[in-house]
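Participant:
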Amino acid sequence: MREQLEQILKAAGYRMVRPEALAPGLIAIIHTGLEYEPLALGKTRKIHSFWIWTRVRVPDELETKAEEIMNVLWQGFNEISELRADFEGEMIQISIQIPEE
Numbered sequence: 006m007r008e009q010l011e012q013i014l015k016a017a018g019y020r021m022v023r024p025e026a027l028a029p030g031l032i033a034i035i036h037t038g039l040e041y042e043p044l045a046l047g048k049t050r051k052i053h054s055f056w057i058w059t060r061v062r063v064p065d066e067l068e069t070k071a072e073e074i075m076n077v078l079w080q081g082f083n084e085i086s087e088l089r090a091d092f093e094g095e096m097i098q099i100s101i102q103i104p105e106e
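Each residue of the sequence shown is one higher than the one before, starting from 6 at the first, in the numbering used here.
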């Protein structure tokens, strides 16, 4: 699932780095967990959780950049269980939960 997430973001022009190398315009992805969602008839499906971090040069760009990345994600996946953005200083943290198809 991480590879698919990276491919979607790379296709939109984003570059991936490790969190410690994060700079404006770059993205770091952290896999934060795996859950099993119960379905009918005793079946389950996997839900992958990720944090996507990026920085901006100008704090006024926080919401615009977050919306831009979230739109790329909505277009790239058939289903997303959760998608939200949190801000701290010049940092954006997007939380996403993606079910396996």
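Heads up, the beta-carbon is just placed ideally off N, CA and C, and yes, glycines get one too.
Pick out whichever of N83, R60, A90, D91 has its Cα sitting closest to the Cα of I103.
Facilitator: Here residue 103 is taken as the residue at index 98 of the sequence shown, counted from 1. Closest by alpha carbon: N83.
Participant: To the nearest angstrom, how far is it from the Cα of I74 to the Cα of L46?
Facilitator: Along the sequence shown, read from residue 1 onward, the residue named residue 74 stands at position 69. Along the sequence shown, read from residue 1 onward, the residue named residue 46 stands at position 41. Straight-line Cα distance between these residues: approximately 36 Å.
Participant: Taking K15 as the reference, which of L27, I32, E25, A71 has the closest Cα?
Facilitator: For the purposes of this step, residue 15 is taken as residue 10 along the sequence shown, with counting starting at 1. Of L27, I32, E25, A71, the residue nearest in Cα terms is I32.
Participant: Would you kindly report the start and end of the unbroken alpha helix (DSSP H) that includes M6?
Facilitator: As a first step, residue 6 must be located in the sequence shown, where it is residue number 1. It is not in any alpha helix (DSSP H) - M6 carries neither H nor E in the DSSP assignment.
Participant: Can you list, in chain order, the residues of its chain whose CB lies under 6 Å from that of D91, leaving out five sequence neighbours each side?
Facilitator: The count along the sequence shown starts at 1 and reaches residue 91 at position 86. Hits under 6 Å: Q98.
Participant: Which whole-angstrom value describes the C-beta separation of E57 and I85, a residue pair presumed to lie in contact below a C-beta threshold of 8 Å?
Facilitator: The residue given as residue 57 occupies position 52 in the sequence shown. The residue given as residue 85 occupies position 80 in the sequence shown. Before going on, a small fix: residue 57 reads as Ile here, not Glu. In fact, because the Cβ distance is near 12 Å, the residues do not count as touching under 8 Å.
Participant: Going by DSSP in three states, I85 sits in which element: helix, strand or coil?
Facilitator: Stepping through the sequence shown from its first residue, residue 85 is reached at position 80. Coil, per DSSP.
Participant: Roughly how far, in whole angstroms, is the beta-carbon of F55 from the beta-carbon of L10, given that I think they are within contact range, below 8 Å?
Facilitator: By 1-based counting over the sequence shown, the position of residue 55 is 50. By 1-based counting over the sequence shown, the position of residue 10 is 5. Between L10 and F55 the Cβ distance is about 6 Å, and since that is below 8 Å, they are a contact.
Participant: Measure the C-alpha to C-alpha separation of A26 and I13 and round it to an integer number of angstroms.
Facilitator: Taking the sequence shown and counting its residues from 1, one reaches residue 26 at position 21. Taking the sequence shown and counting its residues from 1, one reaches residue 13 at position 8. Their Cα atoms are separated by approximately 21 Å.
Participant: Could you check the C-alpha separation between V77 and A17 for me, to the nearest Å?
Facilitator: Position 72 of the sequence shown, counting from 1, holds the residue named residue 77. Position 12 of the sequence shown, counting from 1, holds the residue named residue 17. Approximately 7 Å, taken between the alpha carbons.
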